[in-house]
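In my numbering, the protein residues as written are 104 to 341.
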Ligand code: URA
């Protein structure tokens, strides 16, 4: 692969900027300066450094974030901080994007990747990828709610949801619940509870498909998926 293409893919700038980097002697391959952008390099075997810093080349990146509240799950926003703003530069240059959306006030598992095919599979309504949420609900969640969600409820816009599995973890003036749904309609969990006259006061996604939130991640922290986790997600594509 051409060295200028590798550097451009890694976010080292436009063709012109990459050309300048090379011309200035900032790029070394296996310890020797390379000035010609056409030079063929194997990014998986050769050691490439820019300004003396060795770069790790990979085409795809898969990140699991524990999304904090107050941050938008989008790549850009004119007003608010986005999940991309929370990434280190070396991860952001690979241009990952959030797979699906969590509301600004929702916390928890958010997958970020630049693997468009995997993202598409996970988001495709045909794949019915289950997503499980932990929530705190104002009021007492009861058997009738469990039955209603299992049947499907009619949202404010007339849409009838697919069956959801509701588990009540704690009852009282507020209830702790877990809800698993296989769709991702706008504000779906909140709107499902509204059909039952109940309000979600805290919402956190804890799993998506086979991927579970790593509870050691603090809010706003993220880590790369392990190879096993990527394989688990991929196995769903067949
Ligand atoms: N359902 C919601 O209401 N909000 C989310 O962020 C995710 C699911």
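All C-beta atoms, glycine included, are put in the ideal place defined by N, C-alpha and C.
Return helix, strand or coil for residue i, following the three-state DSSP convention.
i: residue 298; result: helix
i: residue 237; result: strand
i: residue 228; result: helix
i: residue 118; result: helix
i: residue 125; result: helix
i: residue 338; result: helix
i: residue 248; result: helix
i: residue 134; result: coil
i: residue 211; result: strand
i: residue 190; result: coil
i: residue 304; result: strand
i: residue 205; result: coil
i: residue 169; result: strand
i: residue 218; result: coil
Would you check if the distance between the CB atom of residue i and the CB atom of residue j is smaller than 8 Å?
i: residue 130; j: residue 110; result: yes
i: residue 216; j: residue 160; result: no
i: residue 325; j: residue 104; result: no
i: residue 335; j: residue 313; result: yes
i: residue 170; j: residue 213; result: yes
i: residue 300; j: residue 189; result: no
i: residue 304; j: residue 249; result: no
i: residue 280; j: residue 288; result: no
i: residue 201; j: residue 176; result: yes
Please confirm whether any heavy atom of the ligand URA lies closer than 7 Å to the CB of residue i.
i: residue 231; result: no
i: residue 236; result: yes
i: residue 291; result: yes
i: residue 298; result: no
i: residue 328; result: no
i: residue 206; result: yes
i: residue 306; result: yes
i: residue 209; result: yes
CB-CB under 6 Å to residue i, same chain, minus the five flanking residues each way: which ones, in chain order?
i: residue 286; result: 265
i: residue 158; result: 151
i: residue 365; result: The question about residue 365 has no answer, for the chain in this structure spans 104 to 341.
Could you name the residues of the same chain whose beta carbon sits closer than 7 Å to that of residue i, not counting the 5 residues immediately before and after it, in chain order?
i: residue 187; result: 178, 195
i: residue 337; result: 221
Alpha carbon to alpha carbon, how far is residue j from residue i? Give it in angstroms, no decimals.
i: residue 221; j: residue 310; result: 16 Å
i: residue 291; j: residue 238; result: 13 Å
i: residue 253; j: residue 227; result: 22 Å
i: residue 107; j: residue 141; result: 7 Å
i: residue 315; j: residue 307; result: 12 Å
i: residue 256; j: residue 298; result: 7 Å
i: residue 277; j: residue 124; result: 59 Å
i: residue 184; j: residue 294; result: 25 Å
i: residue 208; j: residue 118; result: 40 Å
i: residue 115; j: residue 121; result: 6 Å
i: residue 231; j: residue 223; result: 12 Å
i: residue 193; j: residue 156; result: 12 Å
i: residue 327; j: residue 272; result: 30 Å
Spell out whether any CB of chain B is found under 8 Å from the CB atom of residue i.
i: residue 281; result: This model lacks chain B altogether; it includes just one protein chain.
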